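Just below is one structure, and these are the notes that go with it.
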Amino acid sequence: MKEWWVQVGLLSVPLLAVYLHIPPPKLSPALLSWRSSGAYFIYKDQNIFYRDSTGAVGSSDIVVLLHGFPTSSYDWCKIWEGLTQRFHRVIALDFVGFGFSDKPRPHRYSIFEQASIVEGLVRHLGLHHQRINLLSHDYGDTVAQELLHRLAMGDADSTSLHRHALPRQQFPGCAAPVGTIHCVNNRFLFSILQYINQRKKHRERWVGALVSTSVPLHLIYGPLDPVNPHPEFLQLYKKVLPMSTVSVLDDHISHYPQLEDPTGFLNAYLNFINSF
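Count the sequence shown with mature numbering (1 follows the signal peptide of the UniProt record, and there is no 0) and you get residues -17 to -1, 1 to 259, in order.
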């Protein structure tokens, strides 16, 4: 009789083959609407999806939204309308490898590339001489930190980062949440997940960007976040970044505050923006 593990292996191979060939689920009407209201620009032969809405009359403020892992710009859907009532331009993109943007394979995905894509989008929209507000989450936090570093070093485009808010900041080197990705190639997933190692490698660069920046910072925090548990994370954050202001949402809010509590999140963010 064959060893049990050989039998399991023989059974697993055809099951894995079937799984990898399951077509992705159909897009919901909401996602179809989100995609149809967006556009694409090309960054180094890659099609990058973005949304750009014109909002409040009389305001010149611009906000760029940077999504987390492993999701997309759709993370901001519940606060989009509220942001357009305050900002003249509300802009969000899907990073390369995410959402409706291209997912090249093989490809060396990096935070540095994603930051350059954000700069490329700002240039594409003709906003590279404008003051920009950044609102970032999770993976997007680290992209924002790289943009802050470039600004401090004089390596960024002439765009000025005006104010930066982070819905639950992750310091490079901390564990990152891993969500479900449908029918994804293991090598592709491994390539995307290299950002965790990049956080560790470039921790001094990216935490240093927060510590040394003159850009006002604000943290919007969900106490139930399993990635950055309360109260240890908040204590560390305040110790490292005492100049940052903080909004703590209700006790049941976790890792995606903009989706779990859009009203509370939006109020916290706009209170920060309107304090200047």
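No residue lacks a Cβ here, since even glycine has one placed at the ideal position from N, Cα and C.
Since we're looking at a predicted model, the values are computed, not measured.
Check: Fully enclosed by the stretch 205 to 252, which alpha helix (DSSP H) runs are 4 residues long or longer?
Finding: 215 to 223, 240 to 243
Margin query: If you follow the alpha helix (DSSP H) that Ala98 is in, where does it begin and where does it stop?
Written below: 94 to 107
Checklist line | Buried versus exposed, by CB contacts within 10 Å (16 or more), Thr196 | finding: buried
Margin query: Below 8 Å on the Cβ atoms is my contact criterion, and I expect residue 262 with Leu202 to pass it. Report the Cβ-Cβ distance as a whole number of Å.
Written below: Limits of the chain in this structure are -17 at one end and 259 at the other, which puts residue 262 out of reach.
Check: Under the DSSP definition of a beta bridge, which residues are partnered with Phe78?
Finding: Phe78 is not bridged to any residue.
Note to self: From the DSSP secondary-structure annotation, give me the bridge partner or partners of Arg34.
What the structure shows: Arg34 pairs with Ala75.
Checklist line | Euclidean distance between Cα positions of Arg151 and Pro214 | finding: Only weak support exists for where Arg151 lies, its pLDDT of 48 falling under 50; the value from the coordinates is given anyway. The straight-line gap from Cα to Cα measures roughly 13 Å.
Checklist line | Ser119, buried or exposed, once every other Cβ within 10 Å from all chains shown has been counted against 16 | finding: buried
Next item on the list: In the DSSP assignment, find the unbroken alpha helix (DSSP H) run with Tyr122 in it and report its ends.
Entry: 122 to 136
Next item on the list: Please classify Asp234: is it buried, with 16 or more other beta-carbons within 10 angstroms of its beta-carbon, or exposed?
Entry: exposed
Check: So, are the CB atoms of Gln121 and Gly51 less than 8 Å apart?
Finding: The question names Gln, yet the displayed sequence has Asp at residue 121. A contact, by the Cβ cut-off of 8 Å.
Notebook entry, point to check: What residues in its chain sit with their C-beta under 7 Å from that of Ser20, if we drop five residues either side in the sequence?
Noted result: Arg34
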